[in-house]
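Trainee: The following block contains the structure, expressed as structure tokens.
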Amino acid sequence: MMIKKKQQASQGNEYWRGTEYAFINHKKCESFPCHATDDPDNFNCLFCYCPLYALGDACGGCFQYTEGGIKDCSGCTIPHDKDNYGYITERFNEIVELTKWVKANKPSK
Ligand code: SF4
């Protein structure tokens, strides 16, 4: 599975393990848990809105498209898995490149 390979690749440098900034568990949130979980104590709320959404088909998650063409991530828990901090953050450069592409291809007025 592509997701597993990417997640394993991110385990090479786990400098973030055990840090406070890599995990937020906000049980008092009115929406907690926003996705079904059998492990609420390890549910990470840090990436509440998945940073990988902008990568479209390349995010690596298990999404579907609605009939209206909207990417629906309701079946995906990748950003909420405590072990996936590295997987998410190591892809930030792809988001940066995407923003460069959007800026370069922005229609002129
Ligand atoms: S929540 Fe899952 S499916 Fe949705 S963008 Fe993030 S990784 Fe992809």
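Using our numbering, you'd call the opening residue of the sequence shown number 855 and step up by one each time. Glycine included, C-beta positions come from ideal geometry on N, C-alpha and C.
State buried or exposed for F897, treating a residue as buried only when at least 16 other CB atoms are found within 10 Å of its CB.
Mentor: Buried: at least 16 other Cβ atoms inside 10 Å.
Trainee: Applying the criterion that 16 or more other CB atoms from any shown protein chain within 10 Å of the CB defines a buried residue, is N947 buried or exposed?
Mentor: Its Cβ having fewer than 16 others within 10 Å, N947 is exposed.
Trainee: Which residues have a Cβ closer than 5 Å to any heavy atom of ligand 1, listed in chain order?
Mentor: Counting every residue whose Cβ lies closer than 5 Å to a heavy atom of ligand 1, we get C904, L906, Y907, C913, G915, F917, C927, C930, I932.
Trainee: Quick one: what's K925 bridged to in DSSP?
Mentor: Partner(s): Y919.
Trainee: Whole angstroms are fine: how far does the CA of S962 sit from the CA of G914?
Mentor: Going from the Cα of G914 to the Cα of S962 covers about 32 Å.
Trainee: How about P894 and P887: do their beta carbons lie closer than 7 Å?
Mentor: Closer than 7 Å, so yes.
Trainee: Rounding to the nearest angstrom, what Cα-Cα distance links L909 and N879 in this structure?
Mentor: Using only the alpha carbons, I get a separation of about 25 Å.
Trainee: Measuring alpha carbon to alpha carbon, tell me which of F901, F917, E884 ends up nearest G929.
Mentor: For the residues F901, F917, E884, the minimum Cα distance to G929 belongs to F917.
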